[in-house]
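Undergrad: Here it is, the structure, as structure tokens.
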Amino acid sequence: MNLNPEQRAAVAAGAGAHRVEAIPGAGKTKVAVARYERLRAAGIPENEILSLTFTRSAAQEMRDRAGSDKTGRGGFRTFHALALAIAMTEAKHLPFQLADFPIPQNGEAVRTLKKILKNFTALSYREAKEYISLCLHRGISPGEAIARETDWQAAELAQVFAEYERRMRELGLLDFDSLQLEVVRLLERNAEVRAHWQFAFVQADEAQDSDECQWKLLQLLSEKSGNVFCVGDANQALYAWRGAAPECF
């Protein structure tokens, strides 16, 4: 690839933790693919290089450019695709029975939450959904939410959160936000599972949009190697309202 000096420096980054700041149009995708190719040329197996991003289209573009096999353990994936793979592979270690396909289908999560809200007439679906999502992005469990809330409305939202999680677990389902947090909890408490999901090199794109749960996941996946490469731009941090933690970047 034709790389400028700054891009070459990023591609050459080896072991350790690296933060790369890149404005729009700076060639983030080019750098991620070029660094992947350099690591592969150095003899690192594809399954030991994990590149995470936020959208399926971005992951597919990187796979296409690198000629990477999406069926492998590593490669280019979204945070949610990786979390789903871990949850389904390690289902026997979860504290509840996981459905054959655990992502809610056909509006099941919406219906479940709306049924609960019939007993909380002062709360809207939107505020309940936003509250639950924000808690999960920040790694807050229903029990922690109930314990910390003192305002009556927030206390009711915490109760809705707890009931929503309970009913979804009974169905063996995990929505996208719950999926990430459940996987983080599994990796934290089970050393054997955590050891199985270690990578020699971990890369993350658009890191300024990662939430606290995703940052924890990055740490857990690279616990053994300590090799983390994060690319982002703090000036493009637009999603703090939904739980992103740009200060972690």
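All letters in the sequence shown, in the order written, are residues 3 to 251 by this note's numbering.
For each residue, glycine too, the CB sits at the ideal point set by N, CA and C.
Below 7 angstroms CB to CB, which residues in the same chain sit around PHE163 once its five sequence neighbours on both sides are set aside?
TA: The residues are TYR133, ILE134, CYS137, PRO144, ALA147.
Undergrad: Could you tell me which residues DSSP puts in a beta bridge with ILE115?
TA: With the sequence shown as reference, residue 115 is identified as Leu, and Ile is not the correct amino acid for it. Paired residues: none, contrary to the question.
Undergrad: Return the first residue and the last residue of the beta strand (DSSP E) that LEU52 is part of.
TA: Residues 51 to 55.
Undergrad: Taking all protein chains shown into account, decide if GLU190 is buried (16 or more other Cβ within 10 angstroms of its Cβ) or exposed.
TA: Exposed, since its Cβ has fewer than 16 Cβ neighbours within 10 Å.
Undergrad: Helix, strand or coil for PHE178, going by three-state DSSP, please let me know.
TA: The answer is helix: DSSP assigns PHE178 an H, G or I state.
Undergrad: Just to confirm before moving on: does the CB-CB distance between GLU92 and GLY76 stay below 8 angstroms?
TA: Going by C-beta atoms, GLU92 is not nearer than 8 angstroms to GLY76.
Undergrad: Given a cut-off of 8 angstroms, decide if LEU223 and HIS82 are closer than it, judged by their beta-carbon atoms.
TA: It is not a contact, given that the beta carbons lie outside the stated cut-off.
Undergrad: Per DSSP, which residues does HIS20 bridge with? Please list them.
TA: BP columns for HIS20 point to PHE231.
Undergrad: Any C-beta of chain D sitting closer than 8 angstroms to the C-beta of ALA156?
TA: Among the chains in the structure shown there is no chain D, since it carries only a single protein chain.
Undergrad: With H, G and I counted as helix, E and B as strand and the rest as coil, what does DSSP make of GLN205?
TA: Strand at GLN205.
Undergrad: Pull up the distance between the alpha-carbon of GLU158 and that of PHE122, whole angstroms please.
TA: Each residue's Cα considered, the two are about 8 angstroms apart.
Undergrad: In chain order, what residues of the same chain lie with their CB nearer than 7 angstroms to the CB of TYR38, ignoring the 5 residues before and after it?
TA: For TYR38, where only same-chain residues beyond five positions count, the Cβ hits under 7 angstroms are ILE51, SER53, ALA68.
Undergrad: Looking at the ligand NAP, does it come within less than 7 angstroms of ALA14, judged from the CB to the closest heavy atom?
TA: Absent from the structure shown: the ligand NAP. Ligands present: none.
Undergrad: Under the rule that 16 or more other beta-carbon atoms within 10 Å means buried, what is TRP243, buried or exposed?
TA: Because TRP243 carries a pLDDT of 46, less than 50, the predicted location of this residue cannot be relied on, and no value is offered for it.
Undergrad: Taking only three categories from DSSP, how would you classify PHE81?
TA: It is helical.
Undergrad: Tell me the residue span of the alpha helix (DSSP H) that contains THR31.
TA: Run containing THR31: 30 to 43, per the alpha helix (DSSP H) assignment.
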